[in-house]
Structures are given as structure tokens and as C-alpha cells.
Amino acid sequence: MIATFASLKWRLLINGIRRRRSSGVALAFLIVVAGGALLLIAPSVAIVARTTDSPTVYRTMAIGTYVAIFATWTLGTMAVGGADETVDPARLALLPLTRRQLVLGLAVAAVIGTGALATVIVLAGMVVGFAPSSVGALLVVMAAVVGFALAISASRTLATLLTQAQRSRRGRDITVLAAALGGAALWIASQLVGRLNDHATNQLLDVLRWTPPGFVGQSILEAAQGSLLSSTINLLVAAAWTAVFLLLWATSAARLLVDNESSLRSPSKSTNRDEAISSWARGSEIKAAFGKEVRYLVRSPSRRSVLLLNGVMGTAFTLLQVLQGSNRPGGLVLIAPLAGLLFSLSAIDNQLGYDSAPLWMEVSAGGPRRALLLGRSAGWLPLVALPALPTALVVASFTGGWRYVPVAVALAIAGAGVPLGVGTVISMRAPFPVPDTGKPFSNPYANTGRGCAVGLLVLVALAVNALLLAPAAILVVAAERISLPWLYATVVPVALWSIAIWWIGATAAARFVRGREPELLAALVERT
Amino acid sequence: MNQVRGVAVRVRNLTKSFESKLAVTDIDLDVNTGSLFGLIGPNGAGKTTSLKMITALLRPDAGTVEVDGINVWADPVAAKARFGVLPDDLRLFERLSGTELLSYVGRLRQLDPQVITIRVPELLQVLGLYEDRGKLVADYSQGMRKKIGLAAAMLHAPRVLFLDEPFESVDPVSAHTIAQLLQRFCAGGGTVVFSTHVLDVVERLCDSLAMINRGRVVAQGTMEQVRGGRRLEEVFVKLVGGDTYSGASLSWLDQAPPAPAAPVAPGSPLPPPIIR
Chain A
842 MIATFASLKW RLLINGIRRR RSSGVALAFL IVVAGGALLL IAPSVAIVAR
892 TTDSPTVYRT MAIGTYVAIF ATWTLGTMAV GGADETVDPA RLALLPLTRR
942 QLVLGLAVAA VIGTGALATV IVLAGMVVGF APSSVGALLV VMAAVVGFAL
992 AISASRTLAT LLTQAQRSRR GRDITVLAAA LGGAALWIAS QLVGRLNDHA
1042 TNQLLDVLRW TPPGFVGQSI LEAAQGSLLS STINLLVAAA WTAVFLLLWA
1092 TSAARLLVDN ESSLRSPSKS TNRDEAISSW ARGSEIKAAF GKEVRYLVRS
1142 PSRRSVLLLN GVMGTAFTLL QVLQGSNRPG GLVLIAPLAG LLFSLSAIDN
1192 QLGYDSAPLW MEVSAGGPRR ALLLGRSAGW LPLVALPALP TALVVASFTG
1242 GWRYVPVAVA LAIAGAGVPL GVGTVISMRA PFPVPDTGKP FSNPYANTGR
1292 GCAVGLLVLV ALAVNALLLA PAAILVVAAE RISLPWLYAT VVPVALWSIA
1342 IWWIGATAAA RFVRGREPEL LAALVERT
Chain B
-1 MNQVRGVAVR VRNLTKSFES KLAVTDIDLD VNTGSLFGLI GPNGAGKTTS
49 LKMITALLRP DAGTVEVDGI NVWADPVAAK ARFGVLPDDL RLFERLSGTE
99 LLSYVGRLRQ LDPQVITIRV PELLQVLGLY EDRGKLVADY SQGMRKKIGL
149 AAAMLHAPRV LFLDEPFESV DPVSAHTIAQ LLQRFCAGGG TVVFSTHVLD
199 VVERLCDSLA MINRGRVVAQ GTMEQVRGGR RLEEVFVKLV GGDTYSGASL
249 SWLDQAPPAP AAPVAPGSPL PPPIIR
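Quick mapping for you: the protein sequence lines, in order, are chains A and B.
Just so we're on the same page, this note's numbering is the position in the first sequence counted from 1, plus 841.
Every letter in the second sequence is one number past the one before it in this note's numbering, and letter 255, counting from 1, is 253.
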């Protein structure tokens, strides 16, 4: 059975590579670069651990590396959960397997792959870097083995539990949302981690040290310093955690074999509020399209993730720029309207790419017409305008510019027409599907061959937006120099200007697409 | 059968190739107004490709299509107003409820809000979806998806319906309802063109049909003309070919099943049935 699972995982790996043979040169290049970088990491870890004079760096290398390995495995699991046949036990439900066979087989499959290989290489560097020339070396090796087993068992437990959750639409929604929040938190953490001083780093390590991978790191530290008893105790705690994860894994995997169906289904409900919205949306094509987009923004996990990530990252990025400067006048709040623009362009410049599969219904009904495009793009308004509110509030709390908050939010809404108009044109001229993979951390543009195109489009869109927003920005800066009432007065011309751009953009896009509907549909077919 | 009042769908020399593979070659079709027209053929014959080209969802390499007298590719907007479509790979707005989806399609079709308010619940009621009208389409079963797709195709009261595999994944009661609905539609002067693998359905419902194989029409006409006094299945197998199973292989399937663990002695009473 072990050989069968090992063979299955190997075959899946090889077939996965074969499927991507079309980009063979790129893949070979990637393997060489990634492999080279990986082979550099292990010696780097070993050399830094052996040569550093800083106790903080030494501690960070031990505890931080194990926490990083653990986090990578568990987050990686969230990204591929359910996609790898050897990760998802539900795919094995029809085979006559005992629980022991199943867990043993899945464990074997888990240690075959590029992730496992990379981990072993890094762990080898850790052993070389920390192993003392005494019996403690044995403890360091054992800690590496336990650390590896801990990461695998925790990630597979999570994968199995997620698989259960991902069987239902609601479960997937919750997972995606949780993952989006987690991803945003990680991004913010990655922005802040470089700014930590020794004291803050040690405080952080004091907390991480009590996590399951922290016990492994602490065990290595103690072994390297000759405290064998303390090292052994920490190692035993880590091993106990591994056993707990293994038990959880075995239990949940066995349950998944007989319980594939989820009981999480949405109840049939039609509230008065829904009826009222439906009634309002029937009023015109713009309202209908806007109503549909807003419903999607609320109900679709991919849209919610975009909204959430854009809001959190836009706010954090803007705030980091403000904090970096020493001079912080209250007027800095006026940069808040830009917070929603930075991370939303790849979405609003590809308005048809999200949930593109049912577009045939709109084409079949004679669309997409200008009204439909205006309604659709209006649905993205919260993405552009909403981040301005938290950004304005946070920046105001640092600068004291509270009086600028209302006008900053008003300007964000008033000026949103410019990026939406530009986005509508680009969405028609360069549409591409955003694959609905259901994987929380997956890059929607990965393997579509369009990642580079997306990057270029965003740059072009940024330049065009900057050009078209320049008159509004000049007006706002000039008004701010005069007085606050004048600043408020700028909202009207900014809104008129942006509505005009929006209208022109939607008209141009509708004209462009007329007669090209089949090509639009073909461009939006998901390539899997 | 309905009285023939003219040609509702006229297709001439319709051709489409994907890279070097010819998917559809010089297809000619004539569908009379008021008829229930079946498009049959084996997997990969070109039925779906043909229907997509006829309904302006896929641009043909050559050929013309007229629906209700309008050239589909010369004036697609006017043509689309006259027909409804139910594609095979039914991709719907998953995050809308049944009512919301139909209301949205109604607005796209530029129907009056009052008309939408009347037609949507009526269609949902007839198709047995009224109880689930508030449920998201993502939570619909395959059969329910077919029915909501059919409702969306019929909402604007089109002259012609193009349906790709409308009976697939649909339970017998719903299939009966759909069949009645289509017959009612044709009796009112509408025309239905549908593709299917189920020959029994075609024999039972259709007055005329076309058989496609490898991208070409191999037979076309009224049901009687195509059958020529035989069963449709016989004609299909003869024209399409590909009957590869002779009955000689798979002899290992002939083994006797394993004996039960506790055989029941002859004459002993059967255990009572378990009814939960």
C-alpha cells in the first residue's frame, strides 16, 4: 500500500509537469533558479547560525525558521487543499482501505514532492548550523525530524478539515474569506517585520516560542547550548503536538471516507429586503446590472476577497507611506482617495473576467450595451471608494486632520468614475478570465500565461488614470491652499469630470464590443 | 401535428474548424415554423458547435443563418430578440437566486418590469421551482439548473427556442413537464430546435429531425422520412456506425457471483423487510 501511494504521488507530480510542457523552457528556468536559491538557503542558514554574534539573530534563526516552515506548510495546504489527490482523502472513498492504510499511505505521499524536498534541504542546513559536537547533535537531528513530521501532520490535518468544509459552497466561502484575511495579515506582518528592533524581535520570539514549531526551535537552541534536559523536554512537547495532529488527521480522514456530503446548504429564503431590491433592480438595465454586481460583491467569495484585500492593503500601504515621513500635516488625509486605487486596478480593469462564464446570457440578450457596462462598473464602486474611509480615519488619527475626513471620502466617491471609465474600456479590449479555483491563496493569473499581461495593463491603467486624475488633483490642492469651504466645493467639478470620463469610457467600450461578442466570449473561456 | 407556416430557421453551408480540425462542414438545415425539431448525433458530432453558431455565440468560418427571416450574423441584436437559448454547458449566475436570475435576464431582454413581475413566478410555478425561488442557483441540482435555464430562455416569449440537451439530468416528472411546455410552445406558433442523445425522446416529441455525424448532416426530414418504417435507433446506428461491441470479449464478466455468507435453506421463511 505504501508503494502504491508513493507511486501515485510520483505519477501526479510527473503528470503535472508534463501538463505544463508548453512552457518547458520557462519551467526549466524556474527549476534552475528556484533550485539554486534553495540550495543557497541551506548553507546560508548554516553559516549564519555558526558565525553570528547576535543572540537575537541566533534565536531568530532557530525559532523563526521552524515557525516559517510550519506556516509555509499549513498555508500551502490551504492553497492546494482538495486539488492534490493524495492530500484529499475523499477521493479515495471508494477504495477498500483501513484507517491505518489510509493514514500511512497519505503520510508517505506527503513526504514525496518538491515541498518536502525543499524542507529537507533547509532542515539539513539547520542541523549543520546548530548541531554541537556532543550528544546534543543527536537531539538537533531528532528535532529536525520532529519538526518535519509536525509540519506535515498539522498541514494534512488542516487539509482534511478544509476538504470537509470545501465540499459545500458556504464552507468554501468561509475558507476563502478567512484565507483572504490571513493573507492580508501576513502581508502587513511582512511589511512590519523588517522594522522591528532587537527588543521587539525578542518579544515576538517569546510568544512564538510557545507555539508547536516554537518548541522545536527552542529544543534546538537548548541542545546547541548544552542544556540537554531542557532540550529533551521541549522536543517531547513538540512530539506530543505531532501525535495530537496525527490522531486528528487519522480521525478526520476516516470520517471523510464515509461522509463526503456536506450538510451545509443554503436554506431557501426570500426576504422582504431581497424582494425590495429585486423590485428596484427591475427598473432599468443599469439598475439591474448594478444590483447583480452588488449581490455578487456580497455573495461571491472571490469578490469579497478582492474587496477585503484591497481595503486592508490599500489602507496599510497608504498608512506606511504617511508614517515614513517626519512632516505630517493634516492635509495628508487628502491622499486617502488614492488608497482604493492602488490594489484594485487589476480587478476593475478586468470587470468581465470575474464570473465570466455566464456572460453568454448577456450576449444572448443582445448585450453588453452601454447601460449594462455602466451598471456593471458601478458595482465596483465600493472597491475604489470604500478604502478611503478607514484610510482617512487612520491617517487623521496620526496627523490630526480630522476636518479633512468627510471631504476625503466625498472626493473618493466623486472621483471614482475616472478609474471605472478607464477600467471599462480596458475590460472590453483586453478581457481575460479569472479562474474560479476555490483555492484561497491561489494566484488567479498563475498558469494562465497572462500574469505579465496583467502587470503591463495595470501599469498602463495607472498611467492613464494619473493623467486623467491630474486636473482633479490640481484643483483639490489649489482649493486646500485657499480654504476648507473651497475644498468642499471641488467635489462637484471632480464628480462632473469623473462622470464624464465614466460615460465616455462605457460608450467607447460598448461601441468597441458591438459585433465582437463571440470573440469576447472566446477570450473569456477559462483555460484549465 | 402543427400546421406548417413557413421556415423558421434556415441554415446554409455552415462551416467551422478549430485549428486544423473541421468541426462542422457545410451544414444545411431547414426548420419549419411551429415544428419540434430534433438534432441528433453521437458525441463530438458537431451538434453543440452548430447550435452555438446558429445562436450567434460562436462565429462560423462560413455560411449563413436566418432565424425568423433575420440574418443572425448580419443583425445579431434583432435576431437574438426572436430566439431563446439553452446551451449545453449551462453556466449561470450562480450567486443569484432563481427569481433574481430571471428578473435580471428580463431586464437584459428589456422587458417591462410589470411583465417580469407576472412572468417570473408563473414560469417558476410551471417548472416546479417556485418553492426554491429564493435559493441560490449555486445550490440548485443539475435538473433544477436546466429548468431555470429553460425559464430564462423562454422569459421573453421568443419565436424560436434552441435547446442543447434540455432533458439531460432531468427527472422523469420534470422531463414530462418540459415536454408538455415545449409542445404548448409549438402549438402557439413557436419553433423548437433541440439536441439530444435520447432517441426515444426525439421519436416521441419531434415531427422532424436532422442527424449529424462528424460535422455533416447525414439525414434530414420529417420523422417518417428519416425512419423509413424502421426504429430510429436502427437508422441512427446504421448511418452513424461505430457499433464496436460484438459480444465476444469481456468473458471474465461471466464468472458466477460469490456465494452468500449464510445461505438461506430452501423452504425457510424470508426475514421481514426492514422499513425505516
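Virtual Cβ for every residue (Gly too), placed ideally from N, Cα, C.
Source: prediction; values computed, not measured.
Interface criterion not met: the Cβ of W1051/A is under 7 angstroms from no Cβ in chain B. Taking each of R1210/A, A1198/A and G1171/A in turn and checking the Cα distance to G1242/A, the smallest one comes out for G1171/A. Under a 10 Å Cβ-count criterion, H154/B is classified as buried, with 16 or more other Cβ atoms of the shown protein chains found around its own Cβ. Assignment of V1305/A by DSSP, reduced to helix, strand and coil, places it in the helix class.
In the structure shown, the three-state DSSP call for G186/B is coil. In this structure the stretch 73 to 87 of chain B does not touch the stretch 127 to 142 of chain B; the number of beta carbon pairs closer than 8 angstroms is below three. Selection L90/B, V168/B, I114/B and E232/B evaluated against V135/B yields L90/B as nearest (Cα-Cα). DSSP, reduced to helix, strand and coil, places G82/B within a strand of the structure shown. A buried status is given to F234/B, since no fewer than 16 other beta-carbon atoms sit within 10 Å of its beta-carbon. Per DSSP, the beta bridge partners of N30/B are V5/B. Residues of the stretch 1200 to 1223 of chain A with a C-beta less than 8 angstroms from any C-beta of chain B: W1201, M1202, E1203, V1204, S1205, A1206, G1207, G1208 and L1213, listed in chain order. Close CB contacts of R8/B within its chain, under the 7 angstroms cut and outside five residues either way in sequence, are with D28 and E64 (chain order). A Cβ-Cβ contact shorter than 7 angstroms links T897/A with N1043/A. Straight across, the Cα-Cα distance linking C204/B with E222/B is about 11 angstroms. Every alpha helix (DSSP H) of 4 residues or more that sits fully in the stretch 1134 to 1168 of chain A is shown, in chain order, as 1142 to 1165. Taking 4 residues as the shortest admissible run, the stretch 1171 to 1259 of chain A contains the following complete alpha helix (DSSP H) segments, listed from N- to C-terminal end: 1180 to 1183, 1186 to 1189, 1200 to 1205, 1211 to 1219, 1222 to 1226, 1229 to 1240 and 1246 to 1256. Against chain B, the CB of R1352/A has no partner CB under 7 angstroms away; the residue lies outside that interface.
For G219/B, the uninterrupted beta strand (DSSP E) run begins and ends at R214 to T220, by DSSP. In this chain, the alpha helix (DSSP H) harbouring V233/B covers L230 to V238. The beta carbon of A1065/A is closer than 6 angstroms to those of F971 and P973 in its chain, skipping five residues each way along the sequence. Scanning its chain for C-beta atoms nearer than 8 angstroms, with the 5 sequence neighbours on each side dropped, one finds around T13/B the residues L20, V22, T23, D24, I25, P58, D59, A60 and G61, in chain order.
In this structure the stretch 209 to 219 of chain B does not lie against the stretch 171 to 178 of chain B, because fewer than three pairs of beta carbons, one per stretch, are closer than 8 angstroms. For D162/B, the uninterrupted beta strand (DSSP E) segment begins and ends at V158 to D162. Counting the other CB atoms within 10 Å of its CB gives S848/A a total below 16, which places it among the exposed residues. Contact between L55/B and V1204/A holds: their C-beta atoms lie close to 7 angstroms from each other, under 8 angstroms.
In the DSSP assignment, L1022/A forms no beta bridge with any residue. Remark: three or more beta-carbon pairs, one from each stretch, lie closer than 8 angstroms, so the stretch 1333 to 1346 of chain A and the stretch 1250 to 1267 of chain A are flagged as touching. At a cut-off of 7 angstroms between beta carbons, S101/B contacts chain A.
In the DSSP secondary-structure assignment, I210/B is bridged to V215/B.
Between the C-alpha atoms of C184/B and R1136/A there is a straight-line separation of about 36 angstroms. In terms of Cβ geometry, A1226/A and A1188/A do not form a close pair [threshold 7 angstroms]. At least 7 angstroms separates the beta-carbon of T1265/A from that of A1336/A. Listed along chain B are L55, each with a C-beta nearer than 7 angstroms to that of L1362/A. In the same chain as P1228/A, and ignoring 5 residues on each side of it, the C-beta atoms closer than 7 angstroms to its own belong to N1151, G1152, G1155, T1156, A1180 and G1181, in chain order.
Here V191/B carries a strand assignment [DSSP, helix/strand/coil]. Straight-line spacing of the CA atoms in L1308/A and V1263/A works out to 11 angstroms.
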